[in-house]
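See below for the structure under consideration.
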Amino acid sequence: MPFYAGQQGKLFIDGSTTPAAKVVSWSFTSTANVLDTTTLSDTDRTLIYGVRSMSGSCRLYYYNYAEGAAVKNDCASLLNKIIKTGSTAGDGENAASDPVTLRLYVDDGTSTGKFLDLPALLTNVSMSMSVGEVLAADVSFEVNGAPLSSSNLTNS
Amino acid sequence: MAIFLGQQGHVELRRDASNQALATTLDPDDVNPSRKRFSVDFAAGALITGDQITIATVDKAPLELVAGHVDDTGEFYPDYRGYVHVDDAGGVRLYETFSDSVAGGPDAAVALVKPSTAQAVLIQTRDTNYNCLAQVTKYELTTSRDQVQTDVLGDEFRSYYEAGLISGQGTLSCFWQHKQGLCEGEGNPEFSSYLARLILRLKQGSGFDGRFYVYSCGAEPAVWYDTKCIVTNVGLSVEPGQIVQTQIQFAATGPIVLHQGEPTAYLLQEDSGVILQEDGSAIELEDGD
Chain L
4 MPFYAGQQGK LFIDGSTTPA AKVVSWSFTS TANVLDTTTL SDTDRTLIYG VRSMSGSCRL
64 YYYNYAEGAA VKNDCASLLN KIIKTGSTAG DGENAASDPV TLRLYVDDGT STGKFLDLPA
124 LLTNVSMSMS VGEVLAADVS FEVNGAPLSS SNLTNS
Chain G
597 MAIFLGQQGH VELRRDASNQ ALATTLDPDD VNPSRKRFSV DFAAGALITG DQITIATVDK
657 APLELVAGHV DDTGEFYPDY RGYVHVDDAG GVRLYETFSD SVAGGPDAAV ALVKPSTAQA
717 VLIQTRDTNY NCLAQVTKYE LTTSRDQVQT DVLGDEFRSY YEAGLISGQG TLSCFWQHKQ
777 GLCEGEGNPE FSSYLARLIL RLKQGSGFDG RFYVYSCGAE PAVWYDTKCI VTNVGLSVEP
837 GQIVQTQIQF AATGPIVLHQ GEPTAYLLQE DSGVILQEDG SAIELEDGD
């Protein structure tokens, strides 16, 4: 299958073997800072690599589904990573937000597929309820360190 | 298998009764009893000839305007309900019937008295009757439901949220008419000119209640759409040698209901509640005396 599209996309959360439900999209950006090493008498700019960083986002419908006797909502699971409650108004000492491991997956027809395993910190979750639209969450994340070595998306 | 022709279709409209009241002041000099005519601010842009209105004092004090509109003690009632004819200068005459108001003129107009002092009044258009729209050559009505995509990763086929918003819009094609000719039928038809005026109405907007009959034939059960509409576009075509035609585009606002059966009728009570008349038999109010 030469091309891949949304039909082949999945998102796995925290090592689950079951793909998250009702994922509309995922995306990531990999950035490498560069450091300027240009000196006097140089005629062309020279660079070395600096620090790499990765960030991304995904969008999930807020959707309840049944798994056995349990009701699950993967969107709510992600919300729970970043939103922590307090016991009273003004309570400033509460649980820290949780890290999450996201697998951005492409089903290439093989048994393993292609994916990036990203240890991430959620930095932003945005939800809006509006007439004529389905409730969904836009989740942004920053990758903590490098992608895990299990990742194979970059393998040719 | 039956087929139906357009001859059994027609359009009825009721002038929108849910409009915001116009607040204004009726000064003694605004009323000309000899001409049976009065004027208030905004009338030229807000009222349309044929509108049924209620004019009432804000503080429920006696409304000194309509001659003889008094109770047993000789006190003026605080309000009056009737039909209006608005002339080009913004002058208003009151009438007892819709047809008289459309015809205009002082003869059938209600006699007026000059108020002794300035009165703060509220004028609200209201109508309980549906009138046929005259000279309709064609109408189209489209109902649609918004498609809200719910596609997710892994889907092979498009999927949609099943309960998207419902909307409706349509077009009325009519021969232009702005007045009733001599010896021309009975009843109180609305003319396409009303819809042309409606889109230009200030203050109260361009709403009307519409019934769009697909089939209506004598005593047989009718089929019709019932919805509130706003006029969104009026096109007029005037061409030498051709009939003047108008195209009125409208959009439904609020529920759209497809009925089959007999149109409901209402008997109004003094407290503005309604009694639903479900069959053709006489009801006790009619059997009084």
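Listed in order, the protein sequences are those of chains L and G.
So the first sequence is numbered by our numbering: it starts at 4 and just counts up by one.
So the second sequence is numbered by our numbering: it starts at 597 and just counts up by one.
We put the beta carbon where it would ideally sit given N, CA and C, even for glycine.
Neighbour flag for residue 162 of chain L against chain G, beta carbons, 8 Å:
There is no way to answer for residue 162 of chain L, as the model of chain L reaches only from 4 to 159.
Starting from the Cα of residue 694 of chain G, find the closest Cα among G:597, G:823, G:785, G:675 and give me that residue.
G:785
Beta-carbon proximity list for residue 89 of chain L, same chain, < 6 Å, skipping 5 on both sides
97
Cutting at 7 Å between CB atoms, please list the residues of its own chain near residue 808 of chain G, excluding the five before and the five after it.
607, 735, 737, 820, 821
Pull out every residue of the segment 751-767 of chain G whose Cβ sits closer than 8 Å to any Cβ of chain L, in chain order.
751, 752, 757, 760, 761
Local conformation of residue 609 of chain G per DSSP, three classes
strand
With a threshold of 8 Å between beta carbons, is residue 70 of chain L in contact with chain G?
no
Tell me whether the beta-carbon of residue 724 of chain G lies closer than 8 Å to the beta-carbon of residue 624 of chain G.
no
Along the chain, where does the alpha helix (DSSP H) that runs through residue 698 of chain G open and close?
694-699
Classification of residue 824 of chain G by the beta-carbon crowding that lies within 10 angstroms, buried from 16 upward:
buried
What are the start and end residues of each continuous beta strand (DSSP E) run of 3 or more residues lying completely inside the segment 61-131 of chain L, in chain order?
68-70, 73-75, 102-109, 117-130
Residue 748 of chain G: buried (16+ other C-beta within 10 angstroms of its C-beta) or exposed?
buried
Along the segment 721-739 of chain G, what residues have a CB closer than 9 Å to any CB found in chain L?
none
With contact counted as at least three CB pairs below 8 Å, one residue from each stretch, are the segment 16-36 of chain L and the segment 47-66 of chain L in contact?
yes
Whole angstroms are fine: how far does the CA of residue 795 of chain G sit from the CA of residue 883 of chain G?
Its pLDDT being 44, under 50, residue 883 of chain G is placed unreliably in this model, and the value from its coordinates should be taken loosely. Spanning the two alpha carbons is a distance of roughly 43 Å.
So, using beta-carbon positions, are residue 806 of chain G and residue 612 of chain G closer together than 8 Å?
no
Find the nearest neighbour of residue 148 of chain L within the set L:45, L:35, L:92, judged by alpha-carbon distance.
L:35
Exposed or buried, what is residue 646 of chain G when buried is set at 16 or more other beta-carbons lying within 10 Å of its beta-carbon?
buried
Anything in chain G within Cβ reach of residue 64 of chain L, meaning under 9 Å, just list it in chain order.
746, 748
Using the Cβ count rule (16 or more neighbours within 10 Å means buried), how would you classify residue 660 of chain G?
buried
Chain L contact for residue 742 of chain G (CB, 8 Å cutoff):
yes
Provide the residue(s) that pair with residue 848 of chain G in DSSP beta bridges, ordered along the chain.
G:825
Give the C-beta separation of residue 654 of chain G and residue 716 of chain G to the nearest angstrom, bearing in mind that I take them to be a contact with Cβ-Cβ under 8 Å.
4 Å
Looking at the structure shown, is residue 631 of chain G part of a helix, part of a strand, or coil, going by DSSP?
helix
If distances are taken between C-alpha atoms only, which option among G:598, G:851, G:609 comes closest to residue 728 of chain G?
G:609
Can you tell me the Cα-Cα spacing of residue 757 of chain G and residue 84 of chain L, whole angstroms?
28 Å
Distance cutoff 8 Å, beta carbons only. Does residue 116 of chain L sit that close to anything in chain G?
no
Rounded to the nearest angstrom, what separates residue 621 of chain G and residue 837 of chain G at their Cα positions?
48 Å
Does any residue of chain G bring its CB to less than 8 Å from the CB of residue 14 of chain L?
yes
Beta carbon of residue 682 of chain G nearer than 8 Å to that of residue 618 of chain G
no
Give the straight-line distance between the Cα atoms of residue 829 of chain G and residue 109 of chain L, rounded to the nearest whole angstrom.
50 Å
What residues of chain G sit near residue 25 of chain L, judged by a beta carbon separation below 7 Å?
748
Per the DSSP calculation, residue 13 of chain L is bridged to which residue(s)?
L:108
My guess is that residue 852 of chain G and residue 739 of chain G are in contact by the Cβ rule of under 8 Å, so how many angstroms apart are they, rounded?
6 Å
Quick one: what does DSSP say residue 882 of chain G is sitting in, helix, strand or coil?
Because residue 882 of chain G carries a pLDDT of 47, less than 50, the predicted location of this residue cannot be relied on, and no value is offered for it.
Would you report the Cα separation of residue 671 of chain G and residue 664 of chain G, rounded to the nearest angstrom?
9 Å
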